[in-house]
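One structure below.
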Amino acid sequence: MARRTDARISEGGRVVIPAQFRKAIGLKVGDPISIRLVDKEIRILPLDEAVRRAQALVRKHVPKGRSLVAELHDDRRREADE
Numbered sequence: 008m009a010r011r012t013d014a015r016i017s018e019g020g021r022v023v024i025p026a027q028f029r030k031a032i033g034l035k036v037g038d039p040i041s042i043r044l045v046d047k048e049i050r051i052l053p054l055d056e057a058v059r060r061a062q063a064l065v066r067k068h069v070p071k072g073r074s075l076v077a078e079l080h081d082d083r084r085r086e087a088d089e
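Mapping the sequence shown onto this note's numbering, position 70 (from 1) lands on 77, and the numbers just tick up by one.
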């Protein structure tokens, strides 16, 4: 598979992602994506992959056995009781 291709920006800022690229990352028509700008580079990821990466990043900094969801839930319950 080609790792690079050229394209043009069309009306409204549209860019067609080549079929071979979409296939390589599993994108289909209508799939949600995440778009980030990093050092003048546009990065496109399937949304589920972006979420998986974010979860993995957070997991590195949260001790095993600690639940941030449970802590947030407890905080909200305490706030509601006040």
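Every residue, glycine too, gets a C-beta built ideally from N, C-alpha and C.
Computed from a predicted structure; not experimentally measured.
Check whether residue i and residue j have beta carbons under 8 Å apart
i	j	result
Ala-57	Ser-41	yes
Arg-50	Arg-43	yes
Coil, strand or helix - residue i by DSSP
i	result
Glu-56	helix
Leu-44	strand
Ile-24	coil
Arg-11	coil
Arg-50	strand
CA-to-CA distance, residue j to residue i, given in whole angstroms
i	j	result
Ala-87	Asp-81	10 Å
Ile-15	Arg-21	Checking the sequence shown, residue 15 turns out to be Arg, not Ile. So the two alpha carbons sit approximately 8 Å from each other.
Lys-71	Val-65	12 Å
Asp-46	Pro-25	23 Å
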